[in-house]
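Novice: Just passing along the structure, written as structure tokens.
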Amino acid sequence: MAVTRLADQVPRAQSAAPILVVDDIVKSFETPDGTVTAVDHISFDVAPGEFLAVIGPSGCGKSTLFNIIGGLIEGYRGRVAVAGETVRGPHASIGMVFQEESTFPWRTVVENVAFPLEIAGMAKAQRIERARHFIDLVGLTGFERRYPAELSGGMRQRVAIARTLASEPKILLMDEPFGALDEQTRLLLGDKVLAIQHQLKQTCLLITHNITEAVQLADRVLVMTYRPGKVKRMVAIELPRPRSSEIVSSDAFGRSVAQIWGDLREEASRGMRDDERHIAEHLS
Amino acid sequence: MAETGRLIAPAAPPIAPVTLVRVAIIVFVLLFWEAIARSGLLFRDVVPPLTVIGQALIALLAETDYYRHLGVTAGEIAIALGVGGVTGLAVGVLLGGSRLLARAFEPYLYYLGPTPKIIFFPIMIMWFGVGPGSKIAMGVISCFFPLALSAAAGMRQIDQVLIKVGRSFRAGTWAMVTKIYLPAMRAPVVNGVRLGLGVAIIGTLLAETKLSNRGVGFLIINAYSTFNMPRMYALLIVVFVLSIGANALIGRLGGVDQIKRA
Amino acid sequence: MTGRATRTFVPFALGFGTLVLFTLALEALIRAGLVNRFIVPLPSQIAGAFGRVIAEEDIPHRFLVTARESLWAALLLALFGIGFGVLLYRVRLLREATETWVAALASAPTVLMYPLFLVIFGRSETTIIMMGFVAGVPAVILKTIEGLAGTRRVLIDVGRSFKLSEVQLFWKILLPAALPTIFVGLRLGMIFALINIVGVEFLINFGGLGQLINDLAERYDLPGTYAAICFVILVSVVFFFLTDRIERWLRPVA
């Protein structure tokens, strides 16, 4: 059975317009130490089929931005729109992959991946069929009946990605999806994501603090400042596609990494000094 | 014979040392018991020979009257667990779902939970009479607390990211409850039921020993007052086996995916 | 600061306020004749009975009797519970053979053996103390083993690297590391013991506070019975609260 994707049915003429518009987002939190502006006037667009990475030091409001675009946080200024529709709460066109371990421990791999289809009310036989397709896509065929605890961390994160892909989102929104994995697994999973993105022409938005990961995967990298989180620079990654993790040794790759680190270094040091001052204040 | 034995031996698993130790302990205890019983030096009537206890056990299990009493007690415990379980879970879910309610009321439950419940028995007799009603009530007060507290704790320990996953796929309230909250709470709730059953058994049976004319608790105290020690041992053995068995059964039910989660 | 104060005050006010409101409503319902006052005495009557019960029923002495029984049970628990726990931890085979038995015993209704203990020790404090001990000892054994076995491997390796003897390793590393968990077990054991001590006092009509409740109930002194129950609950809650605080204080900084 051929699995048709919603993305394929979108007329080509529309694909010139951005599929995701993030327009002038401002979000502050009240903390015991006063008001903290996590996200400060951030705007950007993502074109259909594009892979955009958002990079910033810890504490720059990346995760807040992730939750805002995913519709899990309310009470911010500005607007998020998917295919022209304003996002108010979780949107069917946006599929989220979380940083934390997010597979359901009481469901097998296939039951996990079929979850969004089950919520959508798809018949059992059909959703199992679809789930198998996406399990195959992330390379986990043969593990359908296993429970997450029987898999490695990298395999579990692939289950989470397959589960989100199964809901056929227009945009795959990922928050540090490989943050808990070791560097080698991370590079190999990056290859996997690249292959899937190529095959499905999937629009992706990746939130990360890992420069290598951002350069390896993205067409453009948005560098954020440390608190308040503003757009520092948008860097285009001029690496040919299809890519694989072998490009990490190329000069072009090194240049992109150096360029981003040049921007990020200053922000990360600011963050570190801030943390140290904070700890010193709390100890005194 | 010895030859065939030696040929088969490598294939058959050797007896684990643990099993040997267990058997040794059991045999030692039984022999020690029998020695005391036969010598008659110590507690002549308190320590009857094993054969006498065995006979009493067989006699008890052959008695139709015993099953009637067992049925009464089992019924009381089942109703108590049902009533206490439903109210306990409901209260636990309320407390688990609301920070304010939890901080306002949970300390009371937490500190009332481990108080001796049997002292409420005189009040329960006044409220529900001397019949099964007051025994059921004792069972209910006993199992309400562990159930409510473990349901509340179970709800709070649900991984927040799983709730976010459900929301991101736009699951409705019903789907959230049946597909995320309940399965995620299963292990602590089953554990609460296990604890609840244990204390419901104690509450109900103790009440029966204090004041009743039916149930296994009554049989135990009756054996005491007629000084029928073998029968009392037989009854205690049955009660222990049944309650440990029920406990293990529920534990097994809750632990099916325990290994897979670990 | 004010934020934190309201955060703790509002829930407290809600909880305590509900309790007071419930008591007042009960008083009103009984006065209105909607609740039978021969089944539930007026809360004000119960409050009044408090003073009478304390004065006439020799509460201080009864309290001391129960406290003495609990103290004996605690001593036995510490001695045999921790002792057996250490023994089972040291002798691996014994532990593997009996740990599930101890766990089963912990979930068994041991308090139902009180008629048996009655035959052995008679209607005496010994019966009550032994019932308390029997109810609490599995928890102490299990928690002692858990604490010792749960000592982080690296701490033991640190001890080895300093060439500590087995005895030194036990006293300098294993025991201090296990102490918080052992105290959790002792507290748990004491809770079970206290429940059984008061419960058996009530059941066999002998001894301290538990017997008082039985006594008052048999005299049909309703407000007195309610007051005595409230008093026992109060005493146990204070005990749990204090030991809870000690346990938290003992818990190492994570």
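Chains as they are written, first to last, in our numbering: chain A, 148 to 431; chain B, 10 to 271; chain C, 27 to 280.
Every residue, glycine too, gets a C-beta built ideally from N, C-alpha and C.
This one's a predicted model, so the numbers in the text were calculated from it and none came from an experiment.
Per the DSSP calculation, C152 (chain B) is bridged to which residue(s)?
Specialist: DSSP lists no partner for C152 (chain B).
Novice: Should P158 (chain A) be flagged as near chain B, meaning a C-beta pair shorter than 9 angstroms?
Specialist: No answer about P158 (chain A) holds up, because its pLDDT of 37 lies below 50 and its placement is not dependable.
Novice: Which residues in the same chain have their Cβ closer than 7 angstroms to the Cβ of M243 (chain A), if we skip the five residues on either side of it in sequence?
Specialist: Same-chain partners within the cutoff: G217, T311 and L320.
Novice: Can you confirm whether P69 (chain C), when its beta carbon is compared against all beta carbons of chain B, has any partner nearer than 9 angstroms?
Specialist: Not one chain B Cβ lies under 9 angstroms of P69 (chain C).
Novice: Taking the Cβ atom as the reference point for each residue, do V208 (chain B) and P155 (chain B) lie within a distance shorter than 9 angstroms?
Specialist: Contact flag set, yes.
Novice: Does the separation of the CB atoms of K173 (chain B) and F245 (chain A) fall below 9 angstroms?
Specialist: Cβ atoms of K173 (chain B) and F245 (chain A): closer than 9 angstroms.
Novice: Do the region 130-140 of chain C and the region 164-173 of chain C touch if we need at least three Cβ pairs shorter than 8 angstroms?
Specialist: Verdict: yes, contact present.
Novice: Given this structure, state the Cα-to-Cα distance separating D442 (chain A) from C351 (chain A), to the nearest angstrom.
Specialist: The question about residue 442 (chain A) has no answer, for chain A in this structure spans 148 to 431.
Novice: Taking CB distances under 9 angstroms as the criterion, tell me whether S314 (chain A) reaches chain B.
Specialist: Yes, S314 (chain A) counts as interfacial toward chain B.
Novice: Exposed or buried, what is Y373 (chain A) when buried is set at 16 or more other beta-carbons lying within 10 Å of its beta-carbon?
Specialist: Buried.
Novice: Between the alpha carbons of H356 (chain A) and V395 (chain A), how many angstroms are there, rounded?
Specialist: Cα to Cα, H356 (chain A) sits roughly 17 angstroms from V395 (chain A).
Novice: Using only the alpha-carbon positions, how far apart do D494 (chain A) and G175 (chain B) sit?
Specialist: For residue 494 (chain A) there is no data in the structure shown, the boundaries of chain A being 148 and 431.
Novice: Helix or strand or just coil, what does DSSP make of K379 (chain A)?
Specialist: It is a strand residue.
Novice: Can you tell which of A:L364, A:H188, A:A278 and A:T182 has the C-alpha that lies nearest to the C-alpha of G196 (chain A)?
Specialist: Looking at the Cα atoms, A:L364 is the closest of the given residues.
Novice: In three-state terms, what does DSSP make of L191 (chain B)?
Specialist: It is helical.
Novice: Does L281 (chain C) get closer than 9 angstroms to chain B when you measure Cβ to Cβ?
Specialist: Absent from the structure is residue 281 (chain C), since the part of chain C shown begins at 27 and ends at 280.
Novice: What are the residues that DSSP puts in a beta bridge with V368 (chain A)?
Specialist: V368 (chain A) pairs with A:A200 and A:V382.
Novice: Taking 8 angstroms as the limit between beta carbons, can you name the residues of its chain near T255 (chain A), skipping five residues before and five after?
Specialist: Cβ neighbours of T255 (chain A) beyond the five flanking positions: E291, R292, R293 and Y294.
Novice: Are the CB atoms of F159 (chain C) and L103 (chain C) within a distance shorter than 9 angstroms?
Specialist: Yes, these two residues count as a Cβ contact at 9 angstroms.
Novice: Enumerate in chain order the residues of its own chain whose CB-to-CB distance from I272 (chain C) is below 6 angstroms, with the five nearest sequence positions on each side excluded.
Specialist: So no residue of the chain qualifies.
Novice: Hey, how far is the Cα of A25 (chain B) from the Cα of H425 (chain A)?
Specialist: Cα to Cα, the separation comes out at about 58 angstroms.
Novice: Classify H78 (chain B) as buried or exposed, calling it buried when 16 or more other Cβ atoms lie within 10 Å of its own Cβ.
Specialist: With 16 or more Cβ atoms within 10 Å of its Cβ, H78 (chain B) is classed as buried.
Novice: Determine, using beta-carbon pairs with one atom in the region 165-174 of chain A and one in the region 185-199 of chain A, whether at least three such pairs fall under 8 angstroms.
Specialist: As far as the Cβ criterion goes, the region 165-174 of chain A touches the region 185-199 of chain A, which means the pair count is three or higher.
Novice: Below 6 angstroms CB to CB, which residues in the same chain sit around R380 (chain A) once its five sequence neighbours on both sides are set aside?
Specialist: The residues are V370 and D410.
Novice: Counting only the same chain and skipping the five closest in sequence on each side, list residues whose C-beta sits under 6 angstroms from that of G279 (chain B).
Specialist: Outside the modelled stretch of chain B, which goes from 10 to 271, sits residue 279 (chain B), for which no answer is possible.
Novice: Going by the beta-carbon positions, is the gap between P389 (chain A) and L328 (chain A) smaller than 9 angstroms?
Specialist: It is not a contact, given that the beta carbons lie outside the stated cut-off.
Novice: Would the region 101-120 of chain B and the region 229-239 of chain C be scored as touching if the rule is three or more Cβ pairs under 8 angstroms?
Specialist: Contact fails: fewer than three Cβ-Cβ distances are below 8 angstroms.
Novice: For the beta strand (DSSP E) holding C351 (chain A), just list the boundary residues, first then last.
Specialist: Its beta strand (DSSP E) spans residues T350 to T355.
Novice: Please go through the same chain and pick out, in chain order, the residues whose beta-carbon is closer than 7 angstroms to the beta-carbon of R417 (chain A), but skip the five residues on each side of it.
Specialist: These residues qualify, in order along the chain: Y373.
Novice: Find the residues of chain B that neighbour F266 (chain C), judging by a C-beta separation of less than 9 angstroms, and give them in chain order.
Specialist: By Cβ distance, chain B contributes Y119, Y120, G122, P123 and T124.
Novice: What does F228 (chain C) touch in chain B if you count any residue whose Cβ is under 7 angstroms from its own?
Specialist: What F228 (chain C) touches in chain B: I127 and I128.
Novice: As a quick exercise: from A:G208, A:V362 and A:I282, pick the residue whose alpha carbon is nearest that of L334 (chain A).
Specialist: When each option's Cα is compared against that of L334 (chain A), the closest is A:V362.
Novice: So, with DSSP's three-state summary, where would you put K317 (chain A)?
Specialist: Note: K317 (chain A) maps to coil in three-state DSSP.
Novice: Compile a chain-ordered list of the residues in the region 221-244 of chain A whose CB is closer than 7 angstroms to at least one CB of chain B.
Specialist: Listed by position, the residues of the region 221-244 of chain A near chain B (Cβ gap below 7 angstroms) are P237, A239 and M243.
Novice: With a threshold of 9 angstroms between beta carbons, is V263 (chain C) in contact with chain B?
Specialist: Yes, V263 (chain C) counts as interfacial toward chain B.
Novice: From this set, A:F176, A:V306 and A:R279, which residue's C-alpha is nearest T211 (chain A)'s C-alpha?
Specialist: When each option's Cα is compared against that of T211 (chain A), the closest is A:F176.
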